[in-house]
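Q: Pasting a structure here, questions to come.
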Amino acid sequence: MSDPSKKPTAEFDHFVEGYDEKIGPLIKLTGDGREYYAENRVQLLKNKLQNLGHSSAKIMDYGCGTGIALSYLKRILAPEIIYGVDPSSLSIEDAQKENPGPEFVLSTLENYQPKGELDLVFCNGVVHHIPLNQRDRAATYVLESLKPGGIFALWDYNTYNPAIKLGMALSPVDRDAIPISVNQSKALLVKNGFQLISTSFAFFFPKFLSPLRVLDPLLEKVPIGAQYLVLAKRP
1 MSDPSKKPTA
11 EFDHFVEGYD
21 EKIGPLIKLT
31 GDGREYYAEN
41 RVQLLKNKLQ
51 NLGHSSAKIM
61 DYGCGTGIAL
71 SYLKRILAPE
81 IIYGVDPSSL
91 SIEDAQKENP
101 GPEFVLSTLE
111 NYQPKGELDL
121 VFCNGVVHHI
131 PLNQRDRAAT
141 YVLESLKPGG
151 IFALWDYNTY
161 NPAIKLGMAL
171 SPVDRDAIPI
181 SVNQSKALLV
191 KNGFQLISTS
201 FAFFFPKFLS
211 PLRVLDPLLE
221 KVPIGAQYLV
231 LAKRP
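At position 141 of the sequence shown (counting the first as 1) the number is 141 in the UniProt record's numbering, and the numbers step up by one without a gap.
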C-alpha cells in the first residue's frame, strides 16, 4: 500500500504551523502540557512490553506528525532504529529538524513500504483522523510492517469520557475527526488480521487532582480514562 489516505496530507500540512495552539483546547482541559502525555504514553507502553517480555529493536511511530513522541520512544524504549511516517510532508520536515540523529528514519507514508521487519508500531491519536473507508488499508499497512509476533500499540481518545468529547469539539485539529471507540479499534484490528493482547485506559485525573494519579494503575480497566491503549500482535 502506498498512501492510506490523501485527505490528512492537506489537512495536517495546514495545521503544522502553530499546532500546539490549535490543539490547545484539548490540552487546557487537563492542565498538563503535551509533553506530559507524550512521555507517559511511552512509559506506560514500556511497562506493558516488559510484562510481555517483548523487546523492540526496530520500531515505528505511525502518524508521527511533527515528532513529539520520537525522543521519548528513543529514550524510554532504547531501540536501534526508529521509523517515523506521516502523510504530511511538512510535519516530517519539522520532525527531522527536531530529531536529526542517524537512528531516526523519517518519511511520508508513501515512501515507506512495509517489509515485515518491525518489532513494534506505536500510534497515538491518529486513527480518528483517517477516513472510514481508509482505515482497513491503514491497519493492513501496519500489519505488513510488523514481523510475526510484532506488536501494534494503538492509543486513541476514549469516546466514553465527556471531557474528551468536549475537548475534541473545541479543537480545530479534531473538529472534523471521526472518533473511534475502544471497541471499534479492537474490531478494526481483528478484522485486518491482528490478534488482540490487551486493552487498558489511562489519564484519569487532571493536573489539579494529580495526587490521585497514584491510583491510575488500579483503574486501568475502567473505561473512563482520557485515552485507551490497545495492544495487538501480528500472528
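Glycine included, every Cβ here is placed at the ideal spot set by N, Cα and C.
Treat the numbers as computed from the prediction; the structure is a model and nothing was measured.
Out of curiosity, what's the CA-to-CA distance linking S107 and G67?
A: 11 Å
Q: With burial defined as no fewer than 16 other Cβ atoms inside 10 Å of the residue's Cβ, what is the status of P150: buried or exposed?
A: Per the sequence presented here, residue 150 reads as Gly, with Pro not at that position. G150 is buried by the Cβ-count criterion.
Q: Taking the CB atoms as reference points, tell me whether A139 and K48 lie closer together than 9 Å.
A: no
Q: Apply the 10 Å Cβ neighbour rule to V50 and answer buried if 16 or more other Cβ atoms are within range, or exposed otherwise.
A: The identity of residue 50 in the sequence shown is Gln, whereas the question assumes Val. Answer is exposed; the Cβ neighbour count stays below 16.
Q: Are the beta-carbon atoms of I92 and C64 separated by less than 9 Å?
A: yes
Q: By alpha-carbon positions, which one of L189, Q184 and Y157 ends up nearest to G225?
A: Y157
Q: How far does the alpha helix (DSSP H) with D94 in it extend, from its first residue to its last?
A: S89 to E98
Q: What do you reckon, are the CB atoms on Y72 and R34 nearer than 9 Å?
A: no
Q: Can you find the residues in the same chain that come closer than 7 Å, C-beta to C-beta, to I178, ignoring five residues on each side of it along the sequence?
A: H128 and L132
Q: I believe K147 touches D119 by the beta-carbon criterion, under 8 Å. Please report the beta-carbon distance rounded to the nearest angstrom.
A: 7 Å
Q: DSSP beta-bridge partners for Y228?
A: D156 and F201
Q: Can the beta-carbon of G167 be found closer than 9 Å to that of D176?
A: Result no, Cβ atoms of G167 and D176 do not sit closer than 9 Å.
Q: Starting from S107, trace the beta strand (DSSP E) in both directions and tell me its first and last residue.
A: F104 to T108
Q: Pick helix, strand or coil for V121, following the three-state DSSP scheme.
A: In the structure shown, V121 sits in a strand (DSSP, three-state: E or B).
Q: For V230 versus S185, is the C-beta distance shorter than 9 Å?
A: yes
Q: Ends of the alpha helix (DSSP H) at V142?
A: R135 to S145
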